[in-house]
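Below you'll find the structure, written out as structure tokens, and then a few comments.
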Amino acid sequence: MKQTFGTLTVKTAMLVIFALLLFAPFLFQDIRALEVAARICIFIVLVASYDLLIGYTGIVSFAHTMFFGFGAYGSAIALKQMGPGWDAVALGTAAGVLVSLVVATAIGLVSLRVKAIFFAMITLAAASVVLVLASQLSQITGGEDGMTYRTPDLFKTATKLLVADDGKVVRWFGVKLNGKLAAYYFVFFTSLVLFLVMLRITVSPLGTVLKAIRENEARAEAIGYRVVAYRTFVFCLSAVVASLAGSIYALWLKYTGPDTALSFAIMIDILLMVVIGGMGTMWGAVIGAVLMVMAQYYLRDLMGAASEAVAGIPLLPELLAPDRWLFWLGIIFILLVYFFPKGIVGTLNTKGVRS
Amino acid sequence: MPQPSLSTTDLTIRFGGHVAVNRVSCDFHPGETTVIVGPNGAGKTTYFNLISGQLTASEGTVHKGGLDITRMSPSTRAKHGLGRAFQLTNLFPQLCVLENIRLAVQARAGAGWGLLRTAASLTHLTDAAQGYLEAAHLTDKADIPAAALPHGDQRKLEVALLMAMEPDIYMFDEPTAGMSLDQAPAVLDLIATIKSDPTKTVLLVEHKMDVVRALADRIIVLHNGELLADGAPDEVMSSQIVRDVYLGTATEETA
């Protein structure tokens, strides 16, 4: 890819986002901001793993939150049943990955041969079944209420990572070196590693085959690639990564329920993020996740402020009332899709390049 | 006669009540270029699809060498040395020209499952791909997406993609379809190069009589899914039955 204004913009944005997330606890010293930063990290991984499917290989699946949920519920159930130890974390995460792998392989082998639309329907059905199961098996899953649990001591807010002579927790730039900070950096670095692994896969020989399958499945088969095997593999791979992201999120939130880990609302968020950011780019996942999560958390506040600012002018305060934030979010989406038909990163990458 | 490199025995496919290819038995040999002719709807492309695996036979068998490949997937057949180019341009449109070829080289090298290295670091594959581009006179267009190529260059890329597979059996489905008179020779030269290798078997579906005359060692005629004639070009072209069903209609079409 030639260096152009567009690609340069994307690269700069990536560096800025990376720096902001890396120093988030120091830059934004409030609980809510850290919550947003951690959610962004996890959704970058989740959306990037979905991009491997939809953007790189051209597989449309509606079961991605299901795998996210397997990971989250795996960790949550293990922590709830076994107590807050690292053994529970390891076992829960491994169980989540294993279940994801088995289910993904089963769905993949049975249905990746059929037409794309049928495959999408099958994933939708599987995800619905799991959602119903999670709310019905309330003995194990906590049902609709979900479950709260304790995580390993390292991540407790009361844990002091460094203690000064007077027995108080050490502060760096005014930030307490406590368990919350440890938890954030655990989320940040595991997400970073998972993202980099996926990024590397996209430029591996396997990544090139995935693109070939997306571009022309029949020809990829004709030149000697077993399309079904590759599709099943990438479906399993993305399922495992989604499951790991779920486990990390469960550790961070200390709560797992249908709304945080399994609902179709999350699936729609993932779809929107990947479309807004740009399919088949990986960087699009980063941009999409950042914009969406920020909008979900801050658009209401922003509109509240805007509404007050225009108080006295007729109609405008009504339009900008915080309760209408979903309406504005919808308008922003439509504008983004209109002006960035290939997603933000996809469109920027082609800016200045003759195609 | 040596063992055929490819043979079909009573090869048949039905779509509902319609028999598209009906009990076609034919042997093909290394060093021989066979042109398959017949009017539209005669089953030429369907016959090709049965051999390369896009369709699976209702009855009959396909053997490559001594190997029964009748039930194999297209990718497995490709690994056994069966290469196919398509009538309608069938490339990876958004990928650049070099990447199109590199994918075929990579498939043959069995490197598609590689996860630990980057594709760019496998320079021997890229170098090999460059070689095929050069042979097809596409080197200066290596970085252009395949979809952005003019039609003639897309046809060349189609042939280069097949050459990069290095098959034993080359199957061309109207390789010069839609090409202008001045572009066609470039593709025909490529095919002539392949044809000059005595270990390669070439199958060609073609309408244009000058192409048929230039390349054919042997002609088979399909009509309504059945094998109507099989023999040396002069012999087949002069037979009355072939004139009636094929050449007659062809001259009317071109007139």
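These protein sequences, in sequence, are chains A and B.
Letter by letter, the first sequence follows residues 1 to 355 in my numbering.
Letter by letter, the second sequence follows residues 1001 to 1255 in my numbering.
We put the beta carbon where it would ideally sit given N, CA and C, even for glycine.
Can you tell me whether residue i is helix, strand or coil according to DSSP?
i: residue 198(A); result: helix
i: residue 1100(B); result: helix
i: residue 313(A); result: coil
i: residue 216(A); result: coil
i: residue 1072(B); result: coil
i: residue 1022(B); result: strand
i: residue 171(A); result: strand
i: residue 119(A); result: helix
i: residue 292(A); result: helix
i: residue 1237(B); result: helix
i: residue 280(A); result: coil
i: residue 1229(B); result: strand
i: residue 1191(B); result: helix
i: residue 1063(B); result: strand
i: residue 1255(B); result: With a pLDDT of only 35 at residue 1255(B), under the threshold of 50, the placement of this residue in the model should not be trusted, and no figure is reported.
i: residue 176(A); result: strand
i: residue 64(A); result: helix
i: residue 1223(B); result: strand
Tell me, which residues are paired with residue i by DSSP?
i: residue 1171(B); result: 1084(B), 1203(B)
i: residue 1145(B); result: 1096(B)
i: residue 1218(B); result: 1034(B)
i: residue 163(A); result: 169(A)
i: residue 327(A); result: DSSP lists no partner for residue 327(A).
i: residue 147(A); result: 256(A)
i: residue 1090(B); result: According to DSSP, residue 1090(B) bridges with nothing at all.
i: residue 1008(B); result: 1026(B), 1062(B)
i: residue 1014(B); result: 1019(B)
Pop quiz: residue i and residue j are said to be a contact at Cβ under 8 Å. What is the actual Cβ separation, rounded to whole angstroms?
i: residue 285(A); j: residue 294(A); result: Contact doesn't hold; Cβ gap of about 15 Å is too wide.
i: residue 1085(B); j: residue 1162(B); result: 4 Å
i: residue 126(A); j: residue 63(A); result: 5 Å
i: residue 1072(B); j: residue 1041(B); result: Actually they do not touch by this definition, with Cβ atoms about 27 Å apart.
i: residue 1242(B); j: residue 1222(B); result: Incorrect: roughly 11 Å between the Cβ atoms, too far for contact.
i: residue 69(A); j: residue 79(A); result: Actually they do not touch by this definition, with Cβ atoms about 15 Å apart.
i: residue 122(A); j: residue 111(A); result: 5 Å
i: residue 247(A); j: residue 44(A); result: Their Cβ separation, rounded to whole angstroms, is 16 Å, which puts residue 247(A) and residue 44(A) out of contact at 8 Å.
i: residue 211(A); j: residue 179(A); result: Their Cβ separation, rounded to whole angstroms, is 43 Å, which puts residue 211(A) and residue 179(A) out of contact at 8 Å.
i: residue 1105(B); j: residue 1129(B); result: 5 Å
i: residue 57(A); j: residue 214(A); result: 5 Å
i: residue 21(A); j: residue 188(A); result: 6 Å
i: residue 1220(B); j: residue 1230(B); result: 5 Å
i: residue 1020(B); j: residue 1046(B); result: 5 Å
i: residue 1133(B); j: residue 1098(B); result: 6 Å
i: residue 1146(B); j: residue 1088(B); result: Not confirmed; about 14 Å, so no contact.
Run down chain B in chain order and give the residues with a C-beta less than 8 Å from the C-beta of residue i.
i: residue 207(A); result: 1119
i: residue 203(A); result: 1118, 1119, 1120
For a contact defined as C-beta to C-beta under 7 Å, what are the partners of residue i on chain A?
i: residue 1226(B); result: Here the premise fails: no neighbours, minimum Cβ distance about 27 Å.
i: residue 1078(B); result: 222, 223, 224
i: residue 1115(B); result: 201, 204, 206
i: residue 1188(B); result: What residue 1188(B) touches in chain A: nothing, since even the nearest Cβ is about 22 Å away.
Run through chain A and tell me which residues come within less than 9 Å of residue i, C-beta to C-beta.
i: residue 1099(B); result: 208, 211, 212
i: residue 1090(B); result: 216, 218, 219, 222
i: residue 1171(B); result: Within 9 Å Cβ-Cβ: nothing; residue 1171(B) doesn't reach chain A, min ~10 Å.
i: residue 1104(B); result: 223, 224
Buried or exposed for residue i, going by 16 or more other Cβ atoms inside 10 Å?
i: residue 116(A); result: exposed
i: residue 1292(B); result: What is shown of chain B runs 1001 to 1255, which leaves residue 1292(B) out entirely.
i: residue 974(B); result: Not covered by the structure: residue 974(B). The range shown for chain B is 1001 to 1255.
i: residue 1254(B); result: At residue 1254(B), the pLDDT of 42 sits below 50, so the modelled position is not reliable and the matter cannot be decided from this model.
i: residue 185(A); result: exposed
i: residue 1170(B); result: buried
i: residue 86(A); result: exposed
i: residue 1200(B); result: buried
i: residue 1204(B); result: buried
i: residue 205(A); result: buried
i: residue 327(A); result: exposed
i: residue 1154(B); result: buried
i: residue 1187(B); result: buried
i: residue 1064(B); result: buried
Can you pull the chain B residues whose beta carbon is under 7 Å from the beta carbon of residue i, in chain order?
i: residue 324(A); result: Ordered by position in chain B, no residue passes the 7 Å Cβ test against residue 324(A), which lies about 39 Å from the chain.
i: residue 225(A); result: 1075, 1107, 1112
Name the chain A residues whose beta carbon is nearer than 8 Å to that of residue i?
i: residue 1095(B); result: 211, 212, 215
i: residue 1084(B); result: 222
i: residue 1165(B); result: 223, 224
Counting only Cβ pairs nearer than 8 Å, list the residues of chain D close to residue i.
i: residue 1054(B); result: Within the model displayed, chain D is absent; protein chains A and B are what it includes.
Is the closest heavy atom of the ligand MG to the C-beta of residue i under 7 Å?
i: residue 1191(B); result: The model depicted lacks the ligand MG and carries no ligand whatsoever.
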